[in-house]
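Here the structure comes first, spelled out in structure tokens, and everything after it is commentary.
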Amino acid sequence: MSDISKKTLTEIVRLIKKKEIKSEEVTQSFIKNINNDKKLNTFITNCSEEALNKAKSFDKNPKLNLLLPGVPIAVKDLFCTQGVKTTAGSKMLGNFVPDYESTVTNNLWNEGAFLLGKLNCDEFAMGSSNETSYFGSVMNPIAENTVPGGSSGGSASALAADLTPTTIGTDTGGSIRQPASFTGTVGLKPTYGLCSRWGIVAFASSLDQAGPMTKTVDDCALMLEAMASFDKKDSTSINKKKENYSQKLTDNIKGLKIGIPKEYRVDDMPKEIDKLWENGKKLLIDSGAEIFDISLPNTKYALPAYYIVAPAEASSNLARYDGVKYGFRSVIGKNLIEMYENTRSEAFGDEVKRRILIGTYVLSSGYYDAYYLKAQKVRNLIKNDFDQAFKKVDAILTPSTPNSAFKIGEKKNDPISMYLNDIFTVPVNLAGIPAVSIPAGTDNKNYPLGLQLIGRPLDEQILLNTAYALEKKINFKQSLNRWWEK
Amino acid sequence: MSIDKDKIKHVSKLARISVNEKKIDDLTKDLSSIFKFIEQLNELNTDKVEPLSSILNEPLRLRKDEINEGKIREKILKNSPQSNDEFFVVPKVIE
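Quick note, the sequences are listed as chains H and Z, same order.
The numbering of the first sequence is our numbering, which starts it at 2 and goes up by one.
The numbering of the second sequence is our numbering, which starts it at 473 and goes up by one.
Given below as structure tokens:
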């Protein structure tokens with residue numbers, strides 16, 4: 002059998018179901034790669050041993066009628082896993098061992114998968130380069146000293162480097178789609194409320210959404226099917242029946258209307274991105290889709306609105322880290338207040354502090370109307386732009402990011418230039434709608450670049466079908482020289 | 473809105489994060505540029521726009537306030553930095 006770790010999830014599932022390979026062989030092939038990943042720094046917690054035991058017991062009594070039978074999966078370390086350390090990439094939760102399992106990971110385990118490890122991410126999912134993690138920067142397997150994007154950077158790198166057959170991330174402003182674009186992989190942010198937020202370390206609750214990160218679009222459909230569920234423990238979970246995305250997946254998109262928003266053509270965007278976008282349009286026409294020019298006039302206000310809403314909600318959510326109930330506690334401080342202040346000062350990193358302070362400021366007495374209320378109004382304008390567009394078109398095609406992967410340290414000291422990475426991904430979170438990034442080609446450095454498809458709320462099937470058709474035409478192949486193993 | 477050192481000190485007090493003088497300078501610089509960026513929103517007239525309150529177009533579900541998983545005190549205290557058998561322990565509050 003050729004190297005199992007290079008196969009797609011769909012192929013692995015097929016081979017396990019046909020009893021051509023054992024879960025143990027699959028697991029071993031990924032463990033072998035994980036043991037060589039030190040330079041990438043993708044794993045915070047390695048669960049190889051437990052995974053191998055789970056694989057062996059699966060092989061003794063295989064349940065083959067599940068979606069993910071005997072599949073080992075490493076997940077972003079933002080998902081609480083029962084009895085396994087969950088850090089959110091922060092010193093604050095460096096020793097936190099949840100006694101419960103997040104709904105999304107639980108759904109995966111109920112479909113026959115098991116945990117391979119916990120993957121590095123930006124601290125509390127705040128970052129676009131995976132440089133804010135307390136556990137160190139992650140490197141992109143495409144080239145040494147290059148960032149994988151963020152915040153689900155460990156997930157994206159581990160997937161691209163064949164350390165896990167699939168993974169899951171969370172996306173608050175682009176944290177699945179931007180790293181997918183930077184690593185040549187597929188990443189989907191579902192409709193807000195499709196996947197339960199229960200048991201995921203909270204960042205900005207009205208924006209956070211978990212989603213699959215995979216090598217191919219059919220893997221993505223399969224994973225979304227396994228992850229999504231109505232959950233009464235999440236008050237914003239959507240009550241709808243489960244969809245069979247993978248069974249219904251088709252590349253027949255004849256007559257589908259695709260919009261091209263002019264506002265996504267930004268100044269000093271590399272020429273290659275424009276070329277790939279044009280090529281995407283052409284390939285969709287070849288597949289029988291119709292292309293329409295559309296306008297989303299308030300696009301430029303999405304990022305400023307996001308940098309009010311997300312920090313405001315983060316400052317409320319992260320108020321819980323007080324050194325009392327769980328997590329880190331400073332030993333310095335004469336009284337309770339000093340203990341709080343020192344705990345939070347010592348255990349939060351710079352980016353997290355920055356965002357908590359922005360959030361605290363915009364919510365502080367006298368400023369609420371000028372900032373938070375204003376941003377929520379702008380958010381409505383952005384949502385309305387999409388509502389209007391979806392009266393004319395079924396999906397929207399844009400670039401995923403305004404640039405390819407950059408060097409570690411290149412943007413670290415300039416928050417605004419870092420934030421601009423999410424310029425094409427943030428509007429979707431503000432509107433709560435689904436979007437997927439697929440690899441579209443490479444730039445002049447041979448670094449991957451993604452195209453993003455945006456869909457109507459709960460229209461993930463159309464989105465996946467369109468991505469599937471586009472993926473077949475693009476036929477992107479990534480070859481890595483595996484420099485990190487040398 | 474300009475951000476100065478006093479504002480940073482005030483907000484860090486509210487956020488219960490102690491910051492030293494050196495950090496205050498960095499934060500003043502960073503937050504000033506971030507707020508300049510954010511304040512692009514002032515170009516937009518939103519007087520007649522409703523704020524977005526829910527993206528689902530349906531009210532949040534309420535649940536009954538009832539105990540479903542009781543007797544988990546031990547489990548909860550296990551992750552506490554300091555506790556005795558029944559309580560979280562914090563530095564002395566009342567002199």
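For each residue, glycine too, the CB sits at the ideal point set by N, CA and C.
Legend entry - Contacts of H/Ile-1 in chain Z (Cβ-Cβ under 7 Å): The question about residue 1 of chain H has no answer, for chain H in this structure spans 2 to 487.
Legend entry - Spatially closest choice to H/Thr-443 from H/Phe-204, H/Glu-264, H/Ser-182, H/Phe-31, by CA coordinates: H/Ser-182
Legend entry - Whole-number beta carbon distance between H/Val-139 and H/Gly-154, since they are thought to touch under 8 Å: 5 Å
Inset, instruction - Give the single residue among H/Cys-48, H/Asp-232, H/Leu-284, H/Glu-291 whose Cα lies nearest to the Cα of H/Leu-257. - result: H/Glu-291
Legend entry - Contact check, H/Val-14 vs H/Pro-70, beta carbons under 8 Å: yes
Legend entry - Beta carbon of Z/Leu-499 nearer than 8 Å to that of Z/Ile-480: yes
Inset, instruction - Would you check if the segment 341-359 of chain H and the segment 236-250 of chain H touch, i.e. whether three or more CB-CB distances between them fall below 8 Å? - result: no
Inset, instruction - May I ask you to list, following chain order, the residues of the segment 515-528 of chain Z that have a beta carbon less than 7 Å from some beta carbon of chain H? - result: Leu-516, Thr-518, Val-521, Glu-522, Pro-523, Leu-524, Ile-527, Leu-528
Inset, instruction - Tell me H/Ile-259's beta-bridge partners as DSSP assigns them. - result: H/Ile-292, H/Ala-396
Inset, instruction - Using a Cβ-Cβ cut-off of 8 Å, state whether H/Thr-300 counts as contacting chain Z. - result: no
Inset, instruction - Report yes or no: do the segment 87-105 of chain H and the segment 347-359 of chain H share at least 3 C-beta pairs separated by less than 8 Å? - result: yes
Inset, instruction - Show which residues of chain Z have a CB atom less than 9 Å away from the CB atom of H/Lys-375. - result: Leu-513, Asn-514, Leu-516, Thr-518, Pro-523
Legend entry - Assigned secondary structure, H/Asn-47 (DSSP; H/G/I helix, E/B strand, else coil): strand
Inset, instruction - Check the Cβ-Cβ distances between H/Thr-361 and every residue of chain Z, and say whether any is below 8 Å. - result: yes
Inset, instruction - Pull out every residue of the segment 377-397 of chain H whose Cβ sits closer than 7 Å to any Cβ of chain Z, in chain order. - result: Gln-377, Lys-378, Val-379, Arg-380, Asn-381, Leu-382, Lys-384
Legend entry - Environment of H/Pro-428 [buried if 16+ CB atoms lie within 10 Å]: buried
Inset, instruction - Kindly indicate if chain H contains any beta-carbon less than 8 Å away from that of Z/Asn-551. - result: yes
Legend entry - Alpha carbon of Z/Lys-494 to alpha carbon of Z/Ile-506, nearest angstrom: 19 Å
Inset, instruction - Measure from the C-beta of H/Phe-97 to each C-beta in chain Z and report whether the shortest distance is under 8 Å. - result: yes
Legend entry - Contact list for Z/Phe-560 against chain H, beta-carbon separation under 8 Å: Val-325, Lys-326
Legend entry - Local conformation of H/Pro-440 per DSSP, three classes: strand
Legend entry - H/Gln-248 in three-state terms, based on DSSP: helix
Inset, instruction - Less than 8 Å between the CB atoms is what I'm expecting for H/Leu-277 and H/Ala-441, so what's the real figure, rounded? - result: 4 Å
Legend entry - Own chain partners of H/Gly-281 with C-beta closer than 7 Å, once the 5 adjacent residues on each side are dropped: Leu-398, Ala-441, Leu-452, Leu-471
Inset, instruction - Please look up how many angstroms separate the CB atoms of H/Thr-426 and H/Gly-174, rounded, as I've assumed it's under 8 Å. - result: 6 Å
Inset, instruction - Could you check the C-alpha separation between H/Val-379 and Z/Lys-501 for me, to the nearest Å? - result: 26 Å
Inset, instruction - Whole angstroms is fine: what's the gap from H/Lys-384's alpha carbon to H/Asn-414's? - result: 32 Å
Inset, instruction - Residues of the segment 406-427 of chain H with a CB closer than 7 Å to any CB of chain Z: list them in chain order, please. - result: Pro-416, Ile-417
Legend entry - Contacts of H/Ile-309 in chain Z (Cβ-Cβ under 7 Å): Ile-510
Inset, instruction - Could you tell me whether any Cβ in chain Z is nearer than 8 Å to the Cβ of H/Tyr-341? - result: yes
Inset, instruction - Within the segment 397-469 of chain H, note down every full beta strand (DSSP E) run reaching 3 residues or more, in order along the chain. - result: 436-443, 449-456
Legend entry - Cβ neighbours of H/Gln-462 in the same chain (closer than 7 Å, five flanking residues each side left out): Glu-244, Tyr-246, Lys-249
Legend entry - C-alpha gap between Z/Lys-543 and Z/Val-562, whole angstroms: 23 Å
Inset, instruction - Could you tell me whether the Cβ of Z/Lys-547 comes closer than 8 Å to any Cβ of chain H? - result: yes
Inset, instruction - Within 10 angstroms of the Cβ of Z/Phe-559, are there 16 or more other Cβ atoms? Answer buried if so, exposed if not. - result: exposed
Inset, instruction - Kindly identify the DSSP beta-bridge partner or partners of H/Met-228. - result: According to DSSP, which records beta bridges pairwise, H/Met-228 is partnered with nothing at all.
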